[in-house]
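Structure first, then comments.
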Amino acid sequence: MYSGLVASLQDPYSSYYSEDAYKLLQESTQGAYTGVGLTMSKDPDSGVVSVVDLAEGGPAEQAGIQKGDILTAVDGNITEKELSEISTIIREDNKKQVVLTVERDGTTADITVSLEKVEVTVVKSRMLDDSLGYIQITEFTDGTSEQFKKAYSELNEQGMKGLLVDLRENPGGLLTAVCDTLEQILPKGMIVYTEDKSGHRTEHTCKGKTPIDIPLVVLVNENSASAAEIFSGAVKDHGVGTLVGTTTFGKGIVQQTFSLGDGSAVKLTTSRYYTPNGVNIQGTGITPDV
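Just add 61 to wherever you are in the sequence shown, counting from 1, and you've got the working numbering.
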């Protein structure tokens, strides 16, 4: 009933979430979850489930799980299920540890892994050469701002004289997260403002205490959306960097999530957002400089 009601709005960004789906949504925006810190992939032909990535310093990595390991059982249950079901078994409520049966180089072993709070890495960085720093932001979650701060500081300590921020394939995320991140590099002024259907305007501004003073390039593509476009639009309008890539996705609207009494929730579009120069990019996107 709820799904049908929300679908009748004919808004692709409004949705209904069951209780379980809402928990997953909250985890994704919080940038942390309780689990073992591994990413699985399932071969569609053979059904083999393998470990394709590990959270750095996470429980699975500390327990000895490695990329490429084949996961054959969870707590003795054979992994002949969908990945979402396997993930649910691993992270069942009140469970403190899980036994993962893995196969590596023809040898099978049972490895006990503790369930802990795992922070999702959404910011990756490195020096590309002696002077150019690179920061990739894959999503704007509660943890993005702090991860960006750490990466930005480390690159500065390594002698960074120019910064490349990669927002390609970034689907967006939290408005607060992108504003907190931009606070670290923008001059004083407007970051973004929103207006609801009644014309009520909410402004998000930057104090400008630490404006970036080195050349900045922001990489974007057609899948850079929402909060990634807020970042790009602010950089472009303030003239503090150059946008390089292809025209962005074009999502200039904001959603708000409302929790319901049974643990489920609805996410509804509540306002439009505008870049510092008053541009709403809904349906058009941001054209890069290069």
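The C-beta atom is built at its ideal place from N, Cα and C for all residues, glycine as well.
*Relative to the alpha-carbon of K211, which residue among R229, V183 and K222 has its alpha-carbon at the smallest distance?*
To locate residue 211, count along the sequence shown from 1; it is residue 150. That would be V183, whose Cα lies nearest to the Cα of K211.
*Of the residues L247, E256, Y213 and L85, which one's Cα is nearest the Cα of S145?*
The count along the sequence shown starts at 1 and reaches residue 145 at position 84. Per the Cα distances, L85.
*Please look up how many angstroms separate the CB atoms of Q158 and V135, rounded, as I've assumed it's under 8 Å.*
What you label residue 158 is simply residue 97 of the sequence shown in a count that begins at 1. What you label residue 135 is simply residue 74 of the sequence shown in a count that begins at 1. Between Q158 and V135 a beta carbon distance of about 12 Å is seen, past the 8 Å cut, so the two are scored as non-contacting.
*asked:* Nearer than 7 Å: is that true of the beta carbon of T90 relative to any heavy atom of the ligand SAH?
replied: The ligand SAH is not part of this structure, which contains no ligands at all.
*If you run the structure through DSSP and keep just helix, strand and coil, what is S75?*
For the purposes of this step, residue 75 is taken as residue 14 along the sequence shown, with counting starting at 1. S75: coil per DSSP, three-state reduction.
_Restricting to runs no shorter than 3 residues, where is the beta strand (DSSP E) found entirely within the segment 257-317?_
262-267, 277-281 and 303-306
*Between the beta-carbon of G250 and the beta-carbon of G233, is there less than 8 Å?*
Within the sequence shown, numbered from 1, the residue matching residue 250 stands at position 189. Within the sequence shown, numbered from 1, the residue matching residue 233 stands at position 172. Against a cut-off of 8 Å, the Cβ pair of G233 and G250 comes out as no contact.
_Residue environment, T140, which counts as buried when at least 16 other CB atoms sit within 10 Å_ = In the sequence shown, residue 140 corresponds to position 79, counting from 1. Answer is buried; the Cβ neighbour count reaches 16.
*asked:* For G223 and I131, I'd like the C-alpha separation in whole angstroms.
replied: Residue numbering aside, residue 223 sits at position 162 when the sequence shown is read from its first letter. Residue numbering aside, residue 131 sits at position 70 when the sequence shown is read from its first letter. If I take the Cα positions, the gap works out to 41 Å.
*Compare the C-beta of D171 with all C-beta atoms of chain C and state if any pair is closer than 8 Å.*
Of the protein chains in the structure, only one exists, and it is not chain C.
*Compare the Cα-Cα distances from Y195 to each of C267, V239 and L280 and report the closest residue.*
Counting from one through the sequence shown, the residue named residue 195 turns up at place 134. Answer by Cα proximity: L280.
*Leaving out the 5 sequence neighbours to the left and right, which residues in its chain are closer than 8 Å to Y94 when beta-carbon positions are compared?*
Here residue 94 corresponds to residue number 33 of the sequence shown, with the count starting at 1. Same-chain partners within the cutoff: E88, R152, K178, V179 and V181.
_Unbroken beta strand (DSSP E) run spanning E180, endpoints_ = Stepping through the sequence shown from its first residue, residue 180 is reached at position 119. First-last of the beta strand (DSSP E) with E180: E177 to E180.
*Does the pairing of the segment 233-246 with the segment 271-291 give three or more beta-carbon distances under 8 Å?*
Contact holds: three or more Cβ-Cβ distances are below 8 Å.
*Of the choices S107, V67, L99 and S285, whose alpha-carbon is the least far from that of D114?*
On the sequence shown, residue 114 is found 53 positions in, with the first residue counted as 1. Nearest C-alpha to D114: L99.
*Residue range of the beta strand (DSSP E) that I196 falls in?*
Taking the sequence shown and counting its residues from 1, the one referred to as residue 196 is at position 135. Here the beta strand (DSSP E) through I196 covers L193 to I198.
*With DSSP collapsed to three states, give me the class of I347.*
For the purposes of this step, residue 347 is taken as residue 286 along the sequence shown, with counting starting at 1. Three-state result, I347: coil.
*Out of Y213, S192, D106 and F201, point me to the one whose CA is closest to M221's CA.*
In the sequence shown, the residue the question calls residue 221 occupies position 160. Nearest C-alpha to M221: S192.
*asked:* Taking 8 Å as the limit between beta carbons, can you name the residues of its chain near I314, skipping five residues before and five after?
replied: Position 253 of the sequence shown, counted from the first residue, corresponds to residue 314. For I314, where only same-chain residues beyond five positions count, the Cβ hits under 8 Å are Y74, T330, S332, R333, Y334 and Q343.
*Give me whichever residues DSSP pairs with F209 in a beta bridge.*
Here residue 209 is taken as the residue at index 148 of the sequence shown, counted from 1. DSSP lists no beta-bridge partner residue for F209.
*What whole-angstrom Cβ distance do T133 and T162 have, given they're in contact under 8 Å?*
Residue numbering aside, residue 133 sits at position 72 when the sequence shown is read from its first letter. Residue numbering aside, residue 162 sits at position 101 when the sequence shown is read from its first letter. Between T162 and T133 the Cβ distance is about 5 Å, and since that is below 8 Å, they are a contact.
_Those residues which DSSP pairs with E164 across a bridge_ = Translated into positions along the sequence shown, residue 164 becomes position 103. Bridge partners of E164: I131 and T169.
*Residue burial classification, F319 (beta-carbon count within 10 angstroms, cutoff 16)*: Within the sequence shown, the letter at position 258 stands for residue 319. With fewer than 16 other beta carbons inside 10 angstroms of its own, F319 counts as exposed.
*Name, in chain order, the residues that DSSP records as bridge partners for G234.*
Taking the sequence shown and counting its residues from 1, one reaches residue 234 at position 173. DSSP links G234 through a beta bridge to F201.
*Would you identify the three-state DSSP class for V67, choosing helix, strand or coil?*
Your numbering for residue 67 matches position 6 in the sequence shown. DSSP places V67 in helix when its eight states are reduced to three.
*Shortest alpha-carbon distance to V305 belongs to which of V226, A238 and S107?*
Counting from 1 along the sequence shown, the entry for residue 305 is found at position 244. Minimum Cα distance to V305 is reached at V226.
*Identify every residue that forms a DSSP beta bridge with L225.*
Counting from one through the sequence shown, the residue named residue 225 turns up at place 164. Partner(s): Y195 and V278.
*Please state if the CB of N231 and the CB of T199 are separated by a distance shorter than 8 Å.*
Against the sequence shown, residue 199 aligns to sequence position 138. Against the sequence shown, residue 231 aligns to sequence position 170. Closer than 8 Å, so yes.
*Where the alpha helix (DSSP H) through A81 begins and ends*: Residue numbering aside, residue 81 sits at position 20 when the sequence shown is read from its first letter. Per the sequence shown, residue 81 should be read as Asp rather than Ala. Residues E80 to Q91.
*Three-state secondary structure (DSSP) at Q123?*
As a first step, residue 123 must be located in the sequence shown, where it is residue number 62. DSSP places Q123 in helix when its eight states are reduced to three.
*Pick out whichever of I150, K185 and K103 has its Cα sitting closest to the Cα of G129.*
As a first step, residue 129 is located in the sequence shown; it is residue number 68 there, counting from the start. That would be K103, whose Cα lies nearest to the Cα of G129.
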